[in-house]
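Colleague: Residue numbers (this note's numbering): 930 to 1141. I'd like to ask some things about the structure below.
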Amino acid sequence: MPVFFLTSGFFTAMLWRTRGVKGLLEHRFRRLFMPLVFTLITIAPLTYWINEQLIEATLQRARDAAPSPSEDSKVNIWGAVKTGNREALKVHFAKGTDLNTQDPQTGLTPLSWAIFAGKVETAEQLISAGADVNGKNRDGGTPLHEAAFMGRDQIARILLQNGADVEARDENGETPLNRAQADWTDIYVRVRELQVRLDPVKAYYGRTRIAT
930 MPVFFLTSGF
940 FTAMLWRTRG
950 VKGLLEHRFR
960 RLFMPLVFTL
970 ITIAPLTYWI
980 NEQLIEATLQ
990 RARDAAPSPS
1000 EDSKVNIWGA
1010 VKTGNREALK
1020 VHFAKGTDLN
1030 TQDPQTGLTP
1040 LSWAIFAGKV
1050 ETAEQLISAG
1060 ADVNGKNRDG
1070 GTPLHEAAFM
1080 GRDQIARILL
1090 QNGADVEARD
1100 ENGETPLNRA
1110 QADWTDIYVR
1120 VRELQVRLDP
1130 VKAYYGRTRI
1140 AT
């Protein structure tokens, strides 16, 4: 601090004459230096904290104002198919999601998932959007294999109308017709595994119609 600021002025001169240099410096220390120290250890940190709060509040308002992703956009393609969520599927179509990609857990394509879940309209929606009716699942089977296996004769007809290969073979060399003759125990195991619903009567007659 400049020396003249400590020693100039009438009041400074009076202090110097009455208290001496030591008294003058002590007085100035109490009146100038101590308030400065107090400001540095209290007011400055408080100001910094207030500024931080204002900045955080501004950022939070910006986050609140930003459009949050819809629930439909959070559903993966296989989940959307399994539940028949048409709006979520539209989101995937708009994003260009691969409609033939295999579910990492089940190995099923979206179209095969629609068949296991019995979602006829969803299957049609996928086919209209460009899903491959002969797209392979992890086991080499096609959607027609799964339709025959589950007795989904209505979907099987839709697949055939759109070019499904009746001679396609899975990794075991089985055709869709072979799948239509699979043991019922295998069907029930698969139904429990995928947690889908199956009407045994409809499935029986559906498999019969597909096989004949």
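Even glycine gets a Cβ: it sits at the ideal position worked out from N, Cα and C.
Would you say N1063 and A1093 are within 8 Å of each other, going by their C-beta atoms?
Modeller: For the purposes of this step, residue 1063 is taken as the residue at position 134 of the sequence shown. For the purposes of this step, residue 1093 is taken as the residue at position 164 of the sequence shown. Contact flag set, yes.
Colleague: Compute the Euclidean distance between the alpha carbons of N1014 and N1107, then round it to the nearest angstrom.
Modeller: As a working note, residue 1014 is residue 85 in the sequence shown. As a working note, residue 1107 is residue 178 in the sequence shown. C-alpha separation (whole angstroms): 32 Å.
Colleague: Any contact between the stretch 1034-1047 and the stretch 1124-1141? By contact I mean 3 or more CB pairs, one from each, below 8 Å.
Modeller: yes
Colleague: Using 8 Å for Cβ pairs, my map puts A1052 next to L1040. What's the rounded Cβ distance?
Modeller: Position 123 of the sequence shown holds residue 1052. Position 111 of the sequence shown holds residue 1040. About 6 Å separates the two Cβ atoms, so the contact holds.
Colleague: Can you tell which of I1006, L1055, L1018 and A1060 has its C-alpha closest to the C-alpha of Q1034?
Modeller: Mapped onto the sequence shown, residue 1034 falls at position 105. Residue I1006 is the option with its Cα nearest to Q1034.
Colleague: So, under 8 Å CB-CB, A1009 and A1017 are touching, yes? Tell me the CB distance rounded to an integer number of Å.
Modeller: Counted from its first residue, the sequence shown places residue 1009 at position 80. Counted from its first residue, the sequence shown places residue 1017 at position 88. About 4 Å; that satisfies the 8 Å criterion.
Colleague: If you measure between the beta carbons of G1069 and Y1133, is that distance less than 8 Å?
Modeller: If you number the sequence shown from 1, residue 1069 lands on position 140. If you number the sequence shown from 1, residue 1133 lands on position 204. Going by C-beta atoms, G1069 is not nearer than 8 Å to Y1133.
Colleague: Whose C-alpha, out of A1043, D1061 and S1057, is nearest the C-alpha of N1029?
Modeller: Start at 1 with the first residue of the sequence shown, and residue 1029 comes out as number 100. Comparing Cα-Cα distances from N1029 to each of A1043, D1061 and S1057, the minimum goes to D1061.
Colleague: With burial defined as no fewer than 16 other Cβ atoms inside 10 Å of the residue's Cβ, what is the status of F1066: buried or exposed?
Modeller: On the sequence shown, position 137 is the one that residue 1066 refers to. The amino acid at residue 1066 is misidentified as Phe; the sequence shows Asn. It is buried - the Cβ of N1066 has at least 16 other Cβ atoms within 10 Å.
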